[in-house]
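A quick write-up on the structure given underneath.
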Amino acid sequence: WVFLLAVTAALLGVEWAVAFRTPNQSKLEHVSTNLIIFGSNSLIAQLLAGWTLLIWSSYVTSEGWGLLYRLSLEPLAHVMVSIILLHLVAYGLHRLYHHVPLLWRIHRAHHSDLDMDATTSIRFHLGEVVITTGIKGLAVWALGVSPAGFLISESLTLAAGLFSHGNVRLPSRLEPRLRWAIVSPTMHWIHHSRRPAEHNTNLGAVFSGWDRLFGTYCMGVAQHEIQFG
Numbered sequence: 089w090v091f092l093l094a095v096t097a098a099l100l101g102v103e104w105a106v107a108f109r110t111p112n113q114s115k116l117e118h119v120s121t122n123l124i125i126f127g128s129n130s131l132i133a134q135l136l137a138g139w140t141l142l143i144w145s146s147y148v149t150s151e152g153w154g155l156l157y158r159l160s161l162e163p164l165a166h167v168m169v170s171i172i173l174l175h176l177v178a179y180g181l182h183r184l185y186h187h188v189p190l191l192w193r194i195h196r197a198h199h200s201d202l203d204m205d206a207t208t209s210i211r212f213h214l215g216e217v218v219i220t221t222g223i224k225g226l227a228v229w230a231l232g233v234s235p236a237g238f239l240i241s242e243s244l245t246l247a248a249g250l251f252s253h254g255n256v257r258l259p260s261r262l263e264p265r266l267r268w269a270i271v272s273p274t275m276h277w278i279h280h281s282r283r284p285a286e287h288n289t290n291l292g293a294v295f296s297g298w299d300r301l302f303g304t305y306c307m308g309v310a311q312h313e314i315q316f317g
């Protein structure tokens with residue numbers, strides 16, 4: 089969580105210096121609203137979920153459960169494959185949040201933000217935190233994810249979420265190159281469009297390859313025409 093706060097503070101500073109879009113609300117109002125939602129809705133739940141899943145992955149490892157242990161992978165390969173598969177599970181779950189009506193009612197609390205900045209990445213309904221934790225717990229058990237694999241995966245997810253929601257202007261030559269590997273802000277802003285045809289695309293959290301592979305990649309949208317919320 090120290091890592092999360094440090095990255096959030098750094099990105100908010102960059103957003104203030106080189107903002108891409110002019111926000112609808114004042115920066116202070118927007119950030120404070122999202123922090124209040126985070127603090128009152130899901131802070132304790134996310135802290136408990138993180139520690140619970142870490143302890144769970146340690147237990148799974150000690151018992152030798154899961155697919156990856158049956159494959160007898162080397163430690164480094166085990167961690168790398170764990171990260172890839174956990175993010176595939178996250179992509180699939182995100183897709184369900186958008187296409188199952190009950191799950192969408194919960195997930196749209198995240199999409200209701202009228203502006204986008206780093207704090208949007210922590211704006212989630214408590215119900216989504218609980219459901220996501222349960223699915224991650226099943227994935228950790230089924231795959232046999234080690235504590236190292238889980239920690240690295242979660243750190244990547246947190247950092248990538250803060251970055252992709254950030255209201256930052258990236259160099260025009262850099263952004264398309266980054267987008268071949270990871271989800272960039274301009275890619276993820278389309279996902280936060282009010283239009284269903286747009287917000288049902290770009291569902292990856294870290295790696296852009298899942299959207300390319302499963303046909304949900306979308307970049308043919310003028311950034312200045314996107315309306316959030």
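In this text, residue positions in the sequence shown follow my numbering: the first is 89, and each later residue adds one. For each residue, glycine too, the CB sits at the ideal point set by N, CA and C.
#1: Pull up the CB-CB distance for V294 and T245, whole angstroms please, since I reckon it's below 8 Å.
#2: Quick one: give me the first and last residue of the alpha helix (DSSP H) that G152 is part of.
#3: Enumerate in chain order the residues of its own chain whose CB-to-CB distance from H276 is below 7 Å, with the five nearest sequence positions on each side excluded.
#4: Please name the residue in S234, G180 and H187 whose C-alpha comes closest to that of Y147.
#5: Within 10 angstroms of its Cβ, does V149 collect 16 or more other Cβ (buried), or is it exposed?
#6: Bridge partners for F295 per DSSP, in chain order?
#7: By Cβ distance, which residues of its chain are closer than 6 Å to S272, with the 5 residues on each side in sequence left out?
#8: Beta-carbon separation of Q237 and S160 under 8 Å?
#9: Excluding the 5 residues preceding and the 5 following H198 in the sequence, name in chain order all residues of the same chain whose CB lies nearer than 6 Å to its CB.
#10: Would you kindly check if the distance between the Cβ of A230 and the Cβ of L155 is under 8 Å?
#11: Beta carbon of I314, beta carbon of S296: below 8 Å?
#12: Rank V167, H175 and P163 by C-alpha distance to the C-alpha of A248 and give the top, closest one.
#13: DSSP three-state label for F316, please.
#14: Would you call the CB atoms of V95 and L250 closer than 8 Å?
#15: Starting from V218, follow the alpha helix (DSSP H) in both directions and report where the run begins and ends.
#16: Rounded to a whole number of angstroms, what is the C-alpha to C-alpha distance between V188 and T221?
#17: Closest by CA to V217, which one among M307, A137, Q311 and C306?
#18: Using a 10 Å radius around the Cβ and a threshold of 16 neighbouring Cβ atoms, would you call G232 buried or exposed?
#19: Note down the Cα distance separating H279 from L239, rounded to an integer number of angstroms.
#20: Could you tell me whether the Cβ atoms of V309 and F108 are closer together than 8 Å?
#21: Is S281 helix, strand or coil by DSSP?
#22: Leaving out five residues before and five after L141 in sequence, what residues of the same chain have Cβ atoms less than 7 Å from its Cβ?
#23: Going by DSSP, what residue range makes up the alpha helix (DSSP H) through E162?
Let me spell this out:
#1: 6 Å
#2: Here G152 belongs to no alpha helix (DSSP H), and DSSP marks it neither H nor E.
#3: S252, H253 and N290
#4: S234
#5: Sequence check: residue 149 is Thr here, not Val. Burial call: buried.
#6: I270
#7: E263 and L266
#8: In the sequence on display, residue 237 carries Gly and not Gln. Contact flag unset, no.
#9: R211 and F212
#10: yes
#11: no
#12: H175
#13: strand
#14: yes
#15: L214 to L231
#16: 18 Å
#17: A137
#18: buried
#19: 26 Å
#20: no
#21: strand
#22: T221, K224, G225, V228 and F238
#23: It is not in any alpha helix (DSSP H) - E162 carries neither H nor E in the DSSP assignment.
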